[in-house]
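In my numbering, the protein residues as written are -14 to 112. Note that CB positions come from ideal geometry on N, CA and C, so glycine has one too. These numbers were taken from a predicted model, which means no experiment stands behind them.
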Amino acid sequence: MINRFRAAMFALAAFATSNAALAHTHLVASTPAANASVVKPTTISLNFNEKVMAEFSGAEVVMTGMPGMANHQPMKLSGLKSNWSEDGKTLTLVAGRAFPVGTYQVTWHAVGADTHRMQGTFTFSVK
């Protein structure tokens, strides 16, 4: 009888745990969007599903292709400024000028309330 009671209480506690506490941080949208082709962007925005810990989160942008250069080596973009929104859900990378024509890969990492480091990548092109 006591074992059944304990099992029932354990099951109740497991179901009562908030899904938000169990969910990992993930990217819900970006501008430019994944696989988009855009004209002269000067910013990249990453929107996460929850507030992230800015000190443990960020992104890097690599130019992976350039028209007219068949063997273009990936080139990490430097000089991007990172700005976090007040709610801590959006990271905006600001360039000093428009991105040159080419293809880009954005690699992000984010740590949310569960303290798990999540990461991902997406690409876009500039025409």
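Three-state secondary structure (DSSP) at A39? In the three-state reduction of the DSSP assignment, A39 falls in the helix class.
With DSSP as the reference, identify every bridge partner of H94, one or two as the case may be. Answer is G43 and Q104.
Is S70 helix, strand or coil when you go by DSSP? In this structure, DSSP gives S70 a state outside helix and strand, which the three-state scheme calls coil.
Spatially closest choice to T28 from V37, G53 and L65, by CA coordinates: Nearest Cα to T28 within the set V37, G53 and L65: L65.
Determine the burial state of S15: buried for a count of at least 16 other Cβ atoms within 10 Å of its Cβ, exposed for fewer. Under this definition S15 is a buried residue.
Would you mind working out which of A44, A21 and M38 sits nearest L31, comparing C-alpha positions? For L31, the nearest C-alpha among the options comes from A44.
Could you check what DSSP says for N32 in three-state terms: helix, strand or coil? Strand.
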